[in-house]
Amino acid sequence: MIYKKLHNWNITPKEAINIQNELKKLLKFKKFEKETFLVAGVDLSFPNKYGLAVIVVLDQKFNIKEIVHHIEKVKFPYIPGLLAFREGPIFLKAWEKLKTNVDIVFFDGHGIAHPRKLGIASHMGLWIEKPTIGIAKSKLVGNYKEPEKKHGSFSYLEYSGERLGIVYRSKDNVKPIFISPGYLIDIGSSLKITKLFIGKYKLPEPTRLAHIYTQKIKKKFLSC
DNA sequence: GCGACAG
DNA sequence: ATCTTGTCGC
C-alpha cells in the first residue's frame, strides 16, 4: 500500500514535538459507517537492536486475509509521547508490502489520548490516510474513574477538559484497555468497532494476533 | 523541584 | 518493549 510522506524521520526529540504540534492540526474525526470492511492490526517486537513490525489483516469473522512484516534497525529511542518516531518508520515499510486494501487499522498504543493529541495511531493515520484506532494497555495521560469489574463497562478518559478516549473493561476482572480514535473515526465508532473484534481475550483480535506473530517471527530471526 | 511516563 | 518460572486467583 502507498502512503503520503509528511516529514523526515531523521530528527531530534525536540523537532519531533514540533512535528506533532503541526500534524495535529490536520486531524479529522467522523462516524465510521461501512457495513462490510477489513481491518488490520499492528504490533512490533524488538530483537536486539532491530525493530520488527507485523501487520495482520482480518475480515469481520476473524479470518486472516494477509500477514506482512518488516525488520530493520531501530534509529530512535523509546521516549514517552514520541513512540511513533521509534515504531512509525518500521511500520510504514511493512505497510508498503501490504497488498490488501484495508478499511481500518488498529495500533498498539494511543490515538488522540496523547499530550499533543498525536499518539502513534493518529500519526500513522495521517500518513496512510485511513481510519485508525489506538488500543493501549495502560494510560499515557488523562484521568478516569475505574470501570466496574464486569465486562462491557467503561468510563471516559479525560484530559485538559476534553474527552479523548474510553477505558473499556473487555473481560470480567481484567485490567481495562484504553481505546482512543486515531484519525477519520470518532470515539463512539472506535468503541463500537473495537467491541466487534473482542473474541475470547482481553485485547481485540487484530492487535492480539499481530502481537503473537511479532513474537513468533522474532524467535526465527534470533535463531538464524 | 517532584511525580508521571503508550511500547 | 525486554530479561524469565512458577504460581495465585477467577
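My numbering puts the first residue of the first sequence at 1181, with every later residue one more than the last. Glycine residues also receive a C-beta, built at the ideal position from the N, C-alpha and C atoms.
N-terminal and C-terminal residue of the alpha helix (DSSP H) that residue i is part of
i	result
L1224	From DSSP, L1224 is part of no alpha helix (DSSP H) but of the beta strand (DSSP E) over 1219-1225.
F1377	Careful: F1377 lies outside any alpha helix (DSSP H) and carries neither H nor E.
F1265	1264-1277
I1284	Per DSSP, I1284 belongs to no alpha helix (DSSP H); it is in the beta strand (DSSP E), 1284-1288.
K1399	1385-1402
P1193	1193-1203
Classification of residue i by the beta-carbon crowding that lies within 10 angstroms, buried from 16 upward
i	result
Y1258	exposed
P1260	exposed
G1341	exposed
L1402	exposed
D1223	buried
F1242	exposed
S1318	exposed
L1186	exposed
L1206	exposed
Q1200	buried
K1211	exposed
K1398	buried
E1202	exposed
Beta bridge counterpart(s) of residue i as assigned by DSSP
i	result
G1231	E1252
S1360	G1314
N1323	E1338
I1247	V1236
R1343	E1338
Y1348	F1334, I1357
Residue from the options whose Cα sits closest to the Cα of residue i
i	options	result
F1358	I1308, G1341, K1310, D1288	D1288
P1193	F1226, F1265, V1248, Y1393	F1265
K1273	V1234, G1291, K1398, K1319	V1234
I1197	K1297, E1276, S1225	K1297
K1208	Y1336, K1380, I1292, K1399	I1292
H1290	T1280, I1346, P1327, I1270	I1346
K1375	L1203, S1360, G1332, N1228	G1332
K1380	S1350, K1399, A1220, F1212	S1350
D1366	R1343, I1378, D1352	R1343
Y1183	L1262, K1279, G1299, E1202	K1279
K1330	N1353, V1321, N1323	N1353
K1204	I1378, Y1324, A1301, E1328	A1301
Endpoints, beta strand (DSSP E) assigned at residue i
i	result
I1308	That residue, I1308, is in no beta strand (DSSP E); its alpha helix (DSSP H) goes 1300-1308.
Would the segment 1296-1312 count as touching the segment 1359-1376 if we require 3 or more Cβ pairs under 8 Å? The segment 1296-1312 vs the segment 1359-1376: in contact.
Per the contact definition of three or more C-beta pairs closer than 8 Å, is the segment 1378-1387 in contact with the segment 1277-1297? yes
Touch check for the segment 1199-1216 and the segment 1241-1252: three-plus C-beta pairs under 8 Å? no
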